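Q: Chains as they are written, first to last, in our numbering: chain A, 73 to 359; chain B, 73 to 359.
Note that CB positions come from ideal geometry on N, CA and C, so glycine has one too.
Owing to the predicted nature of the structure, the values given are computational and were not obtained by experimental measurement.
Quick one: the structure is below, questions incoming.
There are 2 protein chains.
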Amino acid sequence: VKYLPNVRLPPNVVAVPDLSDAAAGATLLIFVLPHQFLSRLCPQILRAVAPGCRAISLIKGVEFESAEPRLISRLISRLLGGMDVSVLMGANVANEVARDEFCEATVGCSSAESGALWRLVFHRPSLNVTVVRDVAGVELCGALKNVVALGAGFCDGVGYGANTKAAIVRIGVREMQAFCALFFEGVEKDTFFESCGIADLVTTCYGGRNRKCAEAFARRGPGATWEAIEVELLNGQRLQGTLTCQDVHACLLAKGAETQARFPLLEAVYAISFEGRDASTIVKLVR
Amino acid sequence: VKYLPNVRLPPNVVAVPDLSDAAAGATLLIFVLPHQFLSRLCPQILRAVAPGCRAISLIKGVEFESAEPRLISRLISRLLGGMDVSVLMGANVANEVARDEFCEATVGCSSAESGALWRLVFHRPSLNVTVVRDVAGVELCGALKNVVALGAGFCDGVGYGANTKAAIVRIGVREMQAFCALFFEGVEKDTFFESCGIADLVTTCYGGRNRKCAEAFARRGPGATWEAIEVELLNGQRLQGTLTCQDVHACLLAKGAETQARFPLLEAVYAISFEGRDASTIVKLVR
Numbered sequence: 073v074k075y076l077p078n079v080r081l082p083p084n085v086v087a088v089p090d091l092s093d094a095a096a097g098a099t100l101l102i103f104v105l106p107h108q109f110l111s112r113l114c115p116q117i118l119r120a121v122a123p124g125c126r127a128i129s130l131i132k133g134v135e136f137e138s139a140e141p142r143l144i145s146r147l148i149s150r151l152l153g154g155m156d157v158s159v160l161m162g163a164n165v166a167n168e169v170a171r172d173e174f175c176e177a178t179v180g181c182s183s184a185e186s187g188a189l190w191r192l193v194f195h196r197p198s199l200n201v202t203v204v205r206d207v208a209g210v211e212l213c214g215a216l217k218n219v220v221a222l223g224a225g226f227c228d229g230v231g232y233g234a235n236t237k238a239a240i241v242r243i244g245v246r247e248m249q250a251f252c253a254l255f256f257e258g259v260e261k262d263t264f265f266e267s268c269g270i271a272d273l274v275t276t277c278y279g280g281r282n283r284k285c286a287e288a289f290a291r292r293g294p295g296a297t298w299e300a301i302e303v304e305l306l307n308g309q310r311l312q313g314t315l316t317c318q319d320v321h322a323c324l325l326a327k328g329a330e331t332q333a334r335f336p337l338l339e340a341v342y343a344i345s346f347e348g349r350d351a352s353t354i355v356k357l358v359r
Numbered sequence: 073v074k075y076l077p078n079v080r081l082p083p084n085v086v087a088v089p090d091l092s093d094a095a096a097g098a099t100l101l102i103f104v105l106p107h108q109f110l111s112r113l114c115p116q117i118l119r120a121v122a123p124g125c126r127a128i129s130l131i132k133g134v135e136f137e138s139a140e141p142r143l144i145s146r147l148i149s150r151l152l153g154g155m156d157v158s159v160l161m162g163a164n165v166a167n168e169v170a171r172d173e174f175c176e177a178t179v180g181c182s183s184a185e186s187g188a189l190w191r192l193v194f195h196r197p198s199l200n201v202t203v204v205r206d207v208a209g210v211e212l213c214g215a216l217k218n219v220v221a222l223g224a225g226f227c228d229g230v231g232y233g234a235n236t237k238a239a240i241v242r243i244g245v246r247e248m249q250a251f252c253a254l255f256f257e258g259v260e261k262d263t264f265f266e267s268c269g270i271a272d273l274v275t276t277c278y279g280g281r282n283r284k285c286a287e288a289f290a291r292r293g294p295g296a297t298w299e300a301i302e303v304e305l306l307n308g309q310r311l312q313g314t315l316t317c318q319d320v321h322a323c324l325l326a327k328g329a330e331t332q333a334r335f336p337l338l339e340a341v342y343a344i345s346f347e348g349r350d351a352s353t354i355v356k357l358v359r
């Protein structure tokens, strides 16, 4: 009623308010909640599920700890006693999926068996599910795209043309790839051709709230603050991209100047967002 | 004056009306003209140039012959006695480049030496040039993107959402890769992460005349003809995408049904454009 008005859910979706009841004897768990609740809820879930239970996380976001990205899927796995945890990401916002419009999703799985199983759960003619053996790549795409979208928004705010913006998006994919490879083993370039990669990035850079707020930030020029923009455009909700941008910068800073130099776009987004650099400098990416 | 009003060309660009004079003693040739003129002009050029002369083609398009794509760069090379011919493509429309806005380009070269040389010629802070050793991949991107853009336009015309459109674009990149690999050796997946790939494709699918005309075609529904749309929206100029679409279909048809099945998007664009299939079926891509 609140988030998807006029959408009729199928009868096999049943709301069970008690978590232990909901998870009792479960063989499959699907996580779609703010990750702050995980550490409180997971112990309860673990006590209830069937042996051999598997999980999948649709949670978009990433934790940072000691200047290193930490995957939410690994956090869930740890909290659930080493359970097999896959992830599902991609360009598939709830309202379009609910209208049964054609969308895609990418499952990142740690075993071929889990991948096949989750595809069976989610794939249908209007939701094309591709499976890749790259949890970290799939999961990090969802967080990093928001930082690139800030760059795309700066571009729009300054009034640069379509080719400049396409260049920002493209350089963004490359730096997303490089960032994932810097911190995780087994990240595949091919992952970025999947829905979680270019498709989700393009949607976010051509629509999306991070792009919109960054455009407003650039238009206002010196003195603009994210807080004021969040109050005006998002009713005070916090932007994801600016938070991730700070964490990403902290990670790169900790690796040193040589590493920072390999990420001119991500670093330019940080400098514009938090160090007062002019938004027009988003294109100073080539040395 | 006609195509780039108010743009001042640098003094080292000199117009020489006589082709033999222009090419006399040349060590570098840059081809930017409709390819129909090549067979007439190349013999004249060949007689005039210096030994060891190299060429680069910026000509977007591809010839088809006996249901096989033929690269314009190979045609030029043949007409110039086997000269080393590279290509330059990407999201870099003339008016944005002329305003010195940040853009990118991809050079596809057949030798590392040529690649380094052409980068020296074109690269500057506002034009980021990447070199790849994949002439066919770079060159075919420029033609195939227009077919995908028709699919994106159908999507817009039917009124599908942003995630559906992103899916079409993503599936488009995958089929572009597969099409190139079907007909040429040495096509690299990485090429499609370059400006000639995703950047040019995104620009074309979110702006661009092929997208616009396909949107109109879908809006009009049964009875719409490309000829009428070309008259109304393009002053009678011919669309590139519909021509390429027919050639691509002929290539796939000649390879047989199994091959056709591997290109559901390219084939759906053909069926909607030329076989009266409804534009809404652009999303029937999953079996």
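How would you list, in chain order, the residues of chain C whose beta-carbon sits under 7 Å from the beta-carbon of THR275 (chain B)?
A: Checking the listed chains, one finds no chain C in this structure; the protein chains it contains are A and B.
Q: Could you please tell me which residues of the region 160 to 182 of chain B, in chain order, have their CB closer than 7 Å to any CB of chain A?
A: Answer set for the region 160 to 182 of chain B: ALA163, ASN164, VAL165, GLU168, GLU173, PHE174, CYS175 and GLU176.
Q: Can you give me the C-alpha to C-alpha distance between GLY280 (chain B) and ASP156 (chain A), rounded to a whole angstrom?
A: Sequence index remark: in the second sequence, residue 280 (chain B) carries index 208 (1-based). Sequence index remark: in the first sequence, residue 156 (chain A) carries index 84 (1-based). Answer to the nearest angstrom: the Cα atoms are 45 Å apart.
Q: Using a Cβ-Cβ cut-off of 6 Å (strictly less than) and excluding sequence neighbours within five positions of ALA290 (chain B), which residues of its own chain qualify?
A: Here the question's residue 290 (chain B) lines up with position 218 in the second sequence. Closer than 6 Å at Cβ, skipping near neighbours: PHE226, GLY229, VAL230 and ALA351.
Q: Out of curiosity, what's the CA-to-CA distance linking HIS321 (chain A) and SER198 (chain A)?
A: Here residue 321 (chain A) is taken as the residue at index 249 of the first sequence, counted from 1. Here residue 198 (chain A) is taken as the residue at index 126 of the first sequence, counted from 1. Looking at the two C-alpha atoms, the distance is approximately 38 Å.
Q: Just to confirm my understanding: we take LEU306 (chain A), look at its own chain, exclude 5 residues before and 5 after, and list those with CB closer than 8 Å. What are they?
A: On the first sequence, residue 306 (chain A) is found 234 positions in, with the first residue counted as 1. Result list for LEU306 (chain A): ARG281 and CYS285, in chain order.
Q: Name, please, each residue of chain A whose Cβ falls closer than 9 Å to the Cβ of PHE265 (chain B).
A: The residue labelled residue 265 (chain B) in the question sits at position 193 within the second sequence. Simply ARG242, VAL245, ARG246, GLN249, LYS261, PHE264, PHE265 and ILE270.
Q: Candidates B:ALA288, B:SER129, B:ALA94 and B:LEU216: which alpha carbon is nearest ALA177 (chain B)'s?
A: To locate residue 177 (chain B), count along the second sequence from 1; it is residue 105. Nearest option by C-alpha distance: B:SER129.
Q: Please name the residue in A:THR297, A:LEU118 and A:SER111 whose C-alpha comes closest to that of ASP93 (chain A).
A: Mapped onto the first sequence, residue 93 (chain A) falls at position 21. Closest by alpha carbon: A:LEU118.
Q: Should the region 238 to 251 of chain B be called in touch with the region 182 to 192 of chain B, which here means at least 3 C-beta pairs below 8 Å?
A: In short, these stretches do not touch, since the Cβ pair count stays below three.
Q: Taking the continuous beta strand (DSSP E) assigned at SER267 (chain B), which residues delimit it?
A: Position 195 of the second sequence, counted from the first residue, corresponds to residue 267 (chain B). Taken as a continuous stretch (DSSP letters only), SER267 (chain B) belongs to no beta strand (DSSP E), as it is neither H nor E.
Q: Would you say the region 247 to 264 of chain A touches the region 208 to 219 of chain A, given that touching needs at least three Cβ pairs under 8 Å?
A: The region 247 to 264 of chain A, when compared against the region 208 to 219 of chain A, does touch it at the 8 Å Cβ threshold.
Q: Would you say GLY279 (chain A) faces chain B, with C-beta separation under 8 Å as the test?
A: In the first sequence, counting from the first residue as 1, residue 279 (chain A) sits at position 207. Interface residue, yes.
Q: For the alpha helix (DSSP H) holding ALA127 (chain A), just list the boundary residues, first then last.
A: In the first sequence, counting from the first residue as 1, residue 127 (chain A) sits at position 55. Per DSSP, ALA127 (chain A) belongs to no alpha helix (DSSP H); it is in the beta strand (DSSP E), 126 to 129.
Q: Determine contact between the region 149 to 164 of chain B and the region 333 to 352 of chain A, defined as no fewer than three beta-carbon pairs at a distance below 8 Å.
A: Contact fails: fewer than three Cβ-Cβ distances are below 8 Å.
Q: Can you tell me whether TYR278 (chain B) is buried or exposed? The criterion is at least 16 other CB atoms within 10 Å of its CB, across all chains shown.
A: Counting from one through the second sequence, the residue named residue 278 (chain B) turns up at place 206. Buried, since its Cβ has 16 or more Cβ neighbours within 10 Å.
Q: Taking PRO123 (chain B) as the reference, give the member of B:ARG142, B:ALA96 and B:THR331 with the closest Cα.
A: Numbered from its first residue, the second sequence carries residue 123 (chain B) at position 51. When only C-alpha atoms are compared, the closest one is B:ALA96.
Q: Sort out for me which residues DSSP pairs PHE136 (chain B) with in a bridge.
A: Counted from its first residue, the second sequence places residue 136 (chain B) at position 64. In DSSP, PHE136 (chain B) forms a bridge with B:PRO141.
Q: Report the CB separation of LEU216 (chain B) from PHE251 (chain B) in whole angstroms; it is logged as a contact under 8 Å.
A: Numbered from its first residue, the second sequence carries residue 216 (chain B) at position 144. Numbered from its first residue, the second sequence carries residue 251 (chain B) at position 179. Rounded, the Cβ-Cβ distance is 6 Å, consistent with contact.
Q: Sorted by chain position, which residues of the same chain lie with C-beta nearer than 8 Å to THR353 (chain B)'s C-beta, five sequence neighbours on each side aside?
A: Here residue 353 (chain B) is taken as the residue at index 281 of the second sequence, counted from 1. Excluding sequence neighbours, THR353 (chain B) sits near ALA340, ALA343 and ILE344.
Q: Using a cut-off of 7 Å between C-beta atoms, extract the partners of VAL86 (chain B) located in chain A.
A: As a first step, residue 86 (chain B) is located in the second sequence; it is residue number 14 there, counting from the start. Going along chain A, no residue has its Cβ under 7 Å from VAL86 (chain B), so there is no contact; the nearest lies around 27 Å.
Q: What number of angstroms, rounded off, separates the C-alpha of GLU140 (chain B) from the C-alpha of ALA87 (chain A)?
A: Mapped onto the second sequence, residue 140 (chain B) falls at position 68. Mapped onto the first sequence, residue 87 (chain A) falls at position 15. GLU140 (chain B) and ALA87 (chain A): Cα-Cα distance of roughly 57 Å.
Q: For VAL193 (chain B), tell me which candidate among B:ASN78, B:ARG126 and B:CYS114 has the shortest Cα-Cα distance.
A: What you label residue 193 (chain B) is simply residue 121 of the second sequence in a count that begins at 1. Closest option to VAL193 (chain B), Cα to Cα, is B:ARG126.
Q: Specify, as a first and last residue, the run of the beta strand (DSSP E) that CYS175 (chain A) falls within.
A: In the first sequence, the residue the question calls residue 175 (chain A) occupies position 103. From DSSP, the beta strand (DSSP E) with CYS175 (chain A) extends over 175 to 180.
Q: From the beta carbon of ASN282 (chain A), is the nearest beta carbon of chain B less than 8 Å away?
A: As a first step, residue 282 (chain A) is located in the first sequence; it is residue number 210 there, counting from the start. No, because no Cβ of chain B sits closer than 8 Å to the Cβ of ASN282 (chain A).
Q: Relative to the alpha-carbon of GLY308 (chain B), which residue among B:GLY180, B:ILE240, B:TRP298 and B:VAL201 has its alpha-carbon at the smallest distance?
A: For the purposes of this step, residue 308 (chain B) is taken as residue 236 along the second sequence, with counting starting at 1. It is B:TRP298 whose Cα lies nearest to the Cα of GLY308 (chain B).
Q: Along chain B, in chain order, which residues have C-beta atoms closer than 9 Å to that of ASN200 (chain A)?
A: Translated into the one-based positions of the first sequence, residue 200 (chain A) becomes position 128. Correct list: ALA239, ILE243, LEU357 and VAL358.
Q: Starting from VAL219 (chain B), trace the alpha helix (DSSP H) in both directions and tell me its first and last residue.
A: Position 147 of the second sequence, counting from 1, holds the residue named residue 219 (chain B). From DSSP, the alpha helix (DSSP H) with VAL219 (chain B) extends over 207 to 230.
Q: Do you know how far the Cα of PRO77 (chain B) is from the Cα of VAL73 (chain A)?
A: In the first sequence, the residue the question calls residue 73 (chain A) occupies position 1. In the second sequence, the residue the question calls residue 77 (chain B) occupies position 5. One C-alpha to the other measures close to 55 Å.
Q: Under 8 Å between beta-carbons, which chain B residues line up against PRO77 (chain A)? List them in chain order, please.
A: As a first step, residue 77 (chain A) is located in the first sequence; it is residue number 5 there, counting from the start. Residues of chain B passing the Cβ test: none, with the nearest at roughly 16 Å.
Q: Kindly list, in the order they appear in chain B, the residues whose Cβ is closer than 8 Å to that of PRO197 (chain A).
A: In the first sequence, residue 197 (chain A) corresponds to position 125, counting from 1. What PRO197 (chain A) touches in chain B: LYS356 and VAL358.
Q: Comparing C-alpha positions only, which one of A:ALA333, A:LEU337, A:HIS107 and A:PRO115 sits nearest to ILE240 (chain A)?
A: Taking the first sequence and counting its residues from 1, the one referred to as residue 240 (chain A) is at position 168. The option with the nearest alpha carbon to ILE240 (chain A) is A:LEU337.
Q: Please classify ASP272 (chain A) as buried or exposed, where buried requires at least 16 other C-beta atoms within 10 Å of its C-beta.
A: Within the first sequence, numbered from 1, the residue matching residue 272 (chain A) stands at position 200. Buried: at least 16 other Cβ atoms inside 10 Å.
Q: If you follow the beta strand (DSSP E) that MET161 (chain B) is part of, which residue opens it and which one closes it?
A: As a first step, residue 161 (chain B) must be located in the second sequence, where it is residue number 89. Its beta strand (DSSP E) spans residues 157 to 161.
Q: Looking at the structure shown, is ASN164 (chain A) part of a helix, part of a strand, or coil, going by DSSP?
A: In the first sequence, residue 164 (chain A) corresponds to position 92, counting from 1. In this structure, ASN164 (chain A) counts as coil in the three-state DSSP scheme.
Q: Whole angstroms are fine: how far does the CA of CYS175 (chain A) sit from the CA of GLY269 (chain A)?
A: Position 197 of the first sequence, counted from the first residue, corresponds to residue 269 (chain A). Position 103 of the first sequence, counted from the first residue, corresponds to residue 175 (chain A). Cα-Cα distance, rounded: 14 Å.
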